[in-house]
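So the structure is just underneath, and the comments pick up after that.
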Amino acid sequence: MSKDHIRELVVLSGKGGTGKTSVTASFALLAKKAVLADCDVDAADLHLLLTPMVEQRHAFMSGHEAVIRQHDCTGCGICMDSCRFDAIRREDISYRIDPVACEGCGVCYRLCPAKAIDFPDRVCGEWMVSGTRCGPMVHAQLGVAAENSGKLVTTVREQAWAVAVDKRIPLIISDGPPGIGCPVIASLSGVSLAVVITEPTVSGLHDLQRLLALARHFSVPTAVCVNKWDINPQQTERIEAAAEAAGAAILGRIRYDRSVTQAQLQQKAVVELEAAAGDDIRVIWKQVTALL
Amino acid sequence: MAASSRNRSYRIAVASGKGGTGKTTVALNLAAMFGEPVQLADCDVEEPNVNLFLRCDQLEATEVTMLVPEVDQQRCNGCGACGELCQFRGIVAIGTRALVFPELCHGCGGCALVCPTGAITERAHPIGTISVGQSGAIRLIEGRLEVGVSLVPPVIRAVRDHLLDEIPAILDAPPGTSCPVVATLRESDYLLLVTDPTPFGLHDLKLAVALARELNLACGVVVNRAGEDLVGLYGYCQSENLPVLLSLPDDRQIAEITSRGDLVARVLPEYGLMFAELAEKLKRELGTTGGTP
């Protein structure tokens, strides 16, 4: 299949915990045929609902880290003076690099007059290709305290595209990360549509507006849905008005429903249960397919 | 990170792994019931929400900048040393000239150091804003990433740089476990992990605990929206020796009050008491202002 026939949908939120993953899993079931990508590599949860069987597992190597060979270090301190990330500390007569703080820029490695610094590749996590009851899934786990989550998101998306082309599946559905920083930018650029799940709170509105501004910056079309709308109906109306003013389509509302947690406990998507919230998501999915 | 080794008051970071578990709610209500002057640092610079609740209007703002290279094309001979050093493709030599991509630059300064003709200088590139304000006994420090900027940790470092040593601080962390969270936790003395008893909450709590262990940070747990299914979560906390310092019930009133931008601890006295108790527990754990336990 040519890449031109593939549509890519990403589910985002700005604010965390608004229900991205629960909605994504439901979309995956309703789509019947899609490649799934979990782009929330920092705290990936989609696998908890879709229970994937891992078929391939790959180490995610990205960038480098600087390591001082203690017996070659002359203790001159040039590395510490040149580090902008406060990653190098003096220890007795030599120096030590904090791997968590090291940015991997290579400046110390380059400047060390004794050539006592190594600069090996860094393992930052792993990515997997799996099978699920609603299609193939590409997912990942970033290492603890690791860097380069944006690059891991890019890897997950590239692999999802490869699977879609290979298996002739015309739709990719991504579960995105919270925020507006590097992993969000990596999951948003170039997609066909960003569906934004928000909640009717002051934080939900504020965070939505920043995310919609980011999507505009990257010329990505957006559509908004308010989850748990009945917690604060007035705020829901404010959010929908603000979203429309920002040029986003309005997909509909999902009511507050404890079945969403019940679905998680049963490792199911909400639409697999008899649930009011599931009915709401079905209506929203129709709107999404019309926009795609 | 023993309290006795530092020359300043303690810093408590509030984090979670999973987003939307109630980090900001806990950080705000804890600050409101702290019983003494406290600093509240909004380190969720991608989506800063703390001031939506505090509503300080007299904010003193400072721009956060990062040093990025600038090339004097007259002096550049296109040798490519800068591009070879740069690990982030922030500067590349094309033909006889070097091109800078500020949005990819990490600000390490290496290109200027290795340029043999002295063609590279550095200029300050804006990436965010720090705002400082006061609301009653709470000193607010808010970091705000400029929309479109991808590099988050320098803005968080700038928030930390605005903290005063003599007043205890509560740091509201971003969700996740990667570099923005690590940047928040650096130099913190205690990690308060907020979770909910859902499978997502527990799964992401485990990731956050792994991070705390990696950084050698003492931590305790706040359970939010505690409903009936608590066995798995409490069992995990017990097996990991994690004290559960507060359980907030699954009370729709909390969601409604928070959705309006109000503080539960100030609206409902029973919750005020719960957060005041949490503050006392943390103070006992960490010692009084400026002192050692």
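Protein chains in written order, with this note's numbering: chain A, 20 to 311; chain B, -13 to 279. Beta carbons: idealized from backbone N, C-alpha and C, even for Gly.
task: Return the first residue and the last residue of the alpha helix (DSSP H) that A/C127 is part of.
output: On the first sequence, residue 127 of chain A is found 108 positions in, with the first residue counted as 1. Residues V126 to L130.
Closer than 7 Å at the beta carbon, the chain B residues around A/R103 = As a working mapping, residue 103 of chain A is identified with position 84 in the first sequence. Near A/R103 (Cβ distances below 7 Å), the residues of chain B are G93, C94 and G95.
Check your understanding: Taking buried to mean at least 16 other C-beta atoms within 10 Å of its own C-beta, is A/R109 buried or exposed?
Key -> Position 90 of the first sequence holds residue 109 of chain A. Under this definition A/R109 is an exposed residue.
For the region 242 to 260 of chain B and the region 10 to 23 of chain B, state whether three or more C-beta atom pairs, one from each stretch, are separated by less than 8 Å. yes
### Task
Taking only runs that begin and end inside the region 148 to 187 of chain B, name each unbroken beta strand (DSSP E) of 3 or more residues, in chain order.
Fully enclosed beta strand (DSSP E) runs of 3 or longer: 155 to 158 and 176 to 181.
A/I136 vs A/C102 beta-carbon contact at 8 Å: Residue 136 of chain A sits at position 117 when you count from the first residue of the first sequence. Residue 102 of chain A sits at position 83 when you count from the first residue of the first sequence. Taking 8 Å as the Cβ cut-off, A/I136 and A/C102 do not qualify as a contacting pair.
Do A/L68 and A/L55 have their CB atoms nearer than 8 Å?
-> Counting from 1 along the first sequence, the entry for residue 68 of chain A is found at position 49. Counting from 1 along the first sequence, the entry for residue 55 of chain A is found at position 36. Against a cut-off of 8 Å, the Cβ pair of A/L55 and A/L68 comes out as no contact.
Can you give me, in chain order, the residues of the region 271 to 287 of chain A that have a beta carbon less than 7 Å from any beta carbon in chain B?
-> T280, Q283 and L284
Fill in: Chain-order list of residues whose beta-carbon lies under 6 Å from that of A/Q254 (same chain, five-residue window excluded)
The sequence position of residue 254 of chain A within the first sequence is 235, counting from 1. These residues qualify, in order along the chain: P219.
Open item on the list: Runs of 3 residues minimum, wholly inside the region 38 to 99 of chain A: which ones carry the beta strand (DSSP E) assignment?
Closed with: 54 to 57 and 72 to 83
Problem set entry | Near-chain B residues of the region 188 to 205 of chain A - C-beta to any C-beta below 9 Å | P196, P197, G198, I199, G200, C201, P202, V203, I204 and A205
**OP:** Give the single residue among A/G94, A/K39 and A/L28 whose Cα lies nearest to the Cα of A/N246.
**Re:** By one-based count along the first sequence, residue 246 of chain A stands at place 227. It is A/K39.
| Per DSSP, what kind of secondary structure is A/A165 in: helix, strand or coil? | Sequence index remark: in the first sequence, residue 165 of chain A carries index 146 (1-based). In the structure shown, A/A165 sits in coil (DSSP, three-state: anything other than H, G, I, E or B).
Secondary structure of A/A120, DSSP reduced to three states = Position 101 of the first sequence holds residue 120 of chain A. Correct three-state label for A/A120: coil.
| said: Between A/I136 and chain B, is the shortest Cβ-Cβ distance under 8 Å, so that the two count as touching? | reply: Taking the first residue of the first sequence as 1, we reach residue 136 of chain A at position 117. Cβ-Cβ to chain B under 8 Å: no for A/I136.
Quick check: what's the CA-CA separation for A/L233 versus A/G209? By 1-based counting over the first sequence, the position of residue 233 of chain A is 214. By 1-based counting over the first sequence, the position of residue 209 of chain A is 190. Whole-angstrom Cα-Cα distance: 13 Å.
- the region 119 to 148 of chain A: which residues have C-beta closer than 8 Å to a C-beta of chain B, in chain order? V119, A120, E122, G123, C124, G125, V126, R129 and L130
- Check the C-beta distance from B/I127 over to B/V145 and give it rounded, since I have them as a contact under 8 Å. As a first step, residue 127 of chain B is located in the second sequence; it is residue number 141 there, counting from the start. As a first step, residue 145 of chain B is located in the second sequence; it is residue number 159 there, counting from the start. B/I127 to B/V145, Cβ: 6 Å. Contact.
Quiz item: What are the residues of the region 64 to 93 of chain B that lie near chain A, defined by any Cβ-Cβ distance shorter than 7 Å?
Solution: L71, Q73, H92 and G93
When the distance is taken between beta carbons, is A/Q228 closer than 8 Å to A/L270?
-> Taking the first residue of the first sequence as position 1, residue 270 of chain A is located at position 251. Taking the first residue of the first sequence as position 1, residue 228 of chain A is located at position 209. Cβ atoms of A/L270 and A/Q228: not closer than 8 Å.
Residues that B/N35 contacts on chain A, provided the C-beta gap is smaller than 8 Å:
On the second sequence, residue 35 of chain B is found 49 positions in, with the first residue counted as 1. Here the neighbours are K34, V221, S222, H225 and D226.
Under 8 Å: do the region 93 to 112 of chain B and the region 50 to 69 of chain B share three or more Cβ pairs, one atom per stretch?
yes
Determine the DSSP secondary structure at B/S(-10), reduced to helix, strand or coil.
By 1-based counting over the second sequence, the position of residue -10 of chain B is 4. Note on B/S(-10): pLDDT 43, under 50, position unreliable in the model; the coordinate value appears next. In the three-state reduction of the DSSP assignment, B/S(-10) falls in the helix class, which pools H, G and I.
Residues of the region 47 to 78 of chain A in Cβ contact with chain B at a cutoff of 7 Å, in chain order, please.
D61, A62, D64 and L67
Taking the straight line between their C-alpha atoms, what separation do you get for A/G82 and A/P118? By 1-based counting over the first sequence, the position of residue 82 of chain A is 63. By 1-based counting over the first sequence, the position of residue 118 of chain A is 99. Roughly 13 Å separates the two Cα atoms.
| Interface positions of the region 236 to 253 of chain A facing chain B (Cβ-Cβ less than 8 Å), listed along the chain | H236, K247, I250 and N251
- prompt: What residues in the region 157 to 170 of chain A have a beta carbon less than 7 Å from any beta carbon of chain B?
  reply: L161, V163, A164, A165, E166, S168 and G169
Classify A/G198 as buried or exposed, calling it buried when 16 or more other Cβ atoms lie within 10 Å of its own Cβ. Residue mapping note: residue 198 of chain A aligns to position 179 of the first sequence, counting from 1. Buried.
Can you pull the chain A neighbours of B/K192, defined as C-beta to C-beta under 8 Å?
The count along the second sequence starts at 1 and reaches residue 192 of chain B at position 206. Within 8 Å Cβ-Cβ: nothing; B/K192 doesn't reach chain A, min ~10 Å.
- Where do the ends of the alpha helix (DSSP H) carrying A/P252 lie? Indexing the first sequence from 1 puts residue 252 of chain A at position 233. Unbroken alpha helix (DSSP H) run through A/P252: P252 to A264.
* For B/E200, return the contacting residues in chain A, with the cut-off set at a CB-CB distance below 9 Å. => Within the second sequence, the letter at position 214 stands for residue 200 of chain B. Correct list: V119, V163 and A164.
- Query: Between A/V30 and A/D194, is the Cβ-Cβ spacing less than 8 Å?
  - Reply: Translated into positions along the first sequence, residue 30 of chain A becomes position 11. Translated into positions along the first sequence, residue 194 of chain A becomes position 175. A contact, by the Cβ cut-off of 8 Å.
Practice problem: Using the Cα positions of B/I142 and B/A47, report the straight-line distance between them to the nearest angstrom. | Solution: Taking the second sequence and counting its residues from 1, the one referred to as residue 142 of chain B is at position 156. Taking the second sequence and counting its residues from 1, the one referred to as residue 47 of chain B is at position 61. Roughly 15 Å between the two C-alpha positions.
**Q.** Any C-beta of chain B under 8 Å from that of A/T173
**A.** For this step, residue 173 of chain A is matched to residue 154 along the first sequence. By this cut-off, A/T173 is not an interface position.
Anything in chain B within Cβ reach of A/T37, meaning under 7 Å, just list it in chain order.
Here residue 37 of chain A is taken as the residue at index 18 of the first sequence, counted from 1. Residues of chain B whose Cβ lies closer than 7 Å to the Cβ of A/T37 are, in chain order, G6.
ask   = Could you give the residue range of the alpha helix (DSSP H) that holds B/G69?
value = Here the question's residue 69 of chain B lines up with position 83 in the second sequence. It spans A67 to L71 - the alpha helix (DSSP H) in which B/G69 sits, taken as one unbroken run.
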